[in-house]
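Structure, as structure tokens:
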Amino acid sequence: MKLCDLHTHTTASDGSDTPEELVRLAGRAGLSALSITDHDTTDGLARGAEAAEKEGVELVPGVELSVAFPRGNMHLLGYYIDAGSKPLQKVLKKVQAARSERNPRILERLDRLGMPVTMAELEEMAQGGQIGRPHIARIMAEKGYVKSVSQAFDKFLKKGGPAYAPKSILGPEDAIKTVRAARGIPVLAHPFSLMTRDKGELEEIVLSLKHHGLMGMECWYSEHDEHFTATCLDICRRNQLVATGGSDYHGKAKPYIRLGIGKGNLRIPHSCVEALKAAKNAL
Ligand code: AMP
Ligand code: ZN
Ligand code: FE
Ligand code: FE
């Protein structure tokens, strides 16, 4: 069976591999297709595409948008987006500005907690990419404030944590509209992070998003168990949504996640790519 990975991050956002390194890794892993889905930026896509052509890997252009949701975390993936889309780039610029505005507020909180991190350290860690909490977490681990990136999140950086600062982000409707304006396929990322009580509640949310133009849901994911994946697949089947999958590989920012296989047993069928392509062609 041909396997793919449709959710990964590079140095354009908070991943630690460059687009070229990631594409090479996908080639070595024997993946049929790879999507680069950096947070709130398309900056890694051109370099990724060039490397993919040399490597003989199929690259699916993607992006991952942060979405405002009252509970848990909502992220929206956009596949086969036209990265040159003016409305898309306009929205990305706004979201990127909100990120820049948030970073000093997180650093201020860390300072008050006795764990100083400077903006210069943060900029060096991010190497010009969009800065995210994983960069801050990695510095905290390197400085010995915490044992690991995960501990930095659990104790300090998670939503509601003592060093957390919110950033203003898009609502679900605007996020979906932005992806559609760029002729992309909007897909709900890692639905486990919505922290819904049960299948009924998840399906209700998905249906209201579909009403606004959602076209797919990420069913195979590193943090989903077999049962939750089956639940997601069933919701996709019942509501004519494209089922996709990805590891959310970040390199050193999530050392326990490996490309393609996640925590070890992830297997994402290449049929996801065919289904996305069919949806794109039907737009
Ligand atoms: P931000 O873009 O600053 O909101 O950070 C979001 C990133 O942090 C995403 O890549 C998440 O996967 C990552 N993240 C969120 N919670 C955790 C956690 N507990 N451990 C490691 N990474 C996390
Ligand atoms: Zn990330
Ligand atoms: Fe995400
Ligand atoms: Fe992600």
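Under my numbering, residues 12 to 294 are what the sequence shown spells out, in order.
Quick reminder that beta carbons are idealized off the backbone N, C-alpha and C, glycines included.
Computed from a prediction, not measured in an experiment: that's the story for all the values here.
Per-residue burial, residue i [other beta carbons within 10 Å of its own, 16 or more giving buried]
| i | result |
| --- | --- |
| D49 | buried |
| Y267 | exposed |
| K265 | buried |
| M151 | buried |
| D209 | exposed |
| L124 | exposed |
| T53 | buried |
| H238 | exposed |
| R149 | buried |
| A137 | buried |
| T129 | exposed |
| D93 | exposed |
| G195 | buried |
| H222 | exposed |
| G182 | exposed |
| M12 | exposed |
| L87 | buried |
Rounded separation between residue i and residue j - CA only
| i | j | result |
| --- | --- | --- |
| E184 | G73 | 18 Å |
| V190 | S111 | 22 Å |
| G95 | D51 | 14 Å |
| G67 | P173 | 46 Å |
| R269 | W231 | 14 Å |
| R39 | G83 | 35 Å |
| F203 | L213 | 9 Å |
| K170 | A60 | 34 Å |
| Y175 | K166 | 10 Å |
| E285 | Y156 | 45 Å |
| E135 | L17 | 28 Å |
| T207 | K154 | 36 Å |
| G55 | K101 | 17 Å |
| V253 | K105 | 29 Å |
| N250 | G211 | 13 Å |
Within 8 Å, strictly: CB atoms of residue i and residue j
| i | j | result |
| --- | --- | --- |
| L76 | G89 | yes |
| S258 | I272 | yes |
| L121 | P127 | yes |
| C15 | L42 | yes |
| L225 | I187 | yes |
| A79 | I180 | yes |
| L287 | Y91 | yes |
| V34 | A57 | no |
| L118 | R144 | no |
| E229 | H261 | no |
| T19 | L45 | yes |
| K274 | S233 | yes |
| A193 | P81 | no |
Closest by C-alpha distance to residue i, when choosing among the options
| i | options | result |
| --- | --- | --- |
| C295 | H261, M136, L205 | In the structure displayed, the chain extends from 12 to 294; residue 295 sits before or after that span and is not available. |
| A109 | G83, I142, L118, L133 | I142 |
| H235 | T255, S24, A79, E66 | T255 |
| T295 | R82, I92, G139 | Residue numbering for the chain in the displayed model covers 12 to 294; residue 295 lies beyond these limits and cannot be assessed. |
| P115 | T207, K178, K158 | K178 |
| L199 | H222, G227, G26, A176 | G227 |
| A290 | L277, S233, P197, A241 | P197 |
| S146 | L277, N292, S27, L17 | What sits at residue 146 in the sequence shown is His, not Ser. For the residues L277, N292, S27, L17, the minimum Cα distance to H146 belongs to S27. |
| L218 | C247, N276, Q107 | C247 |
| L277 | T240, A23, H86, G211 | T240 |
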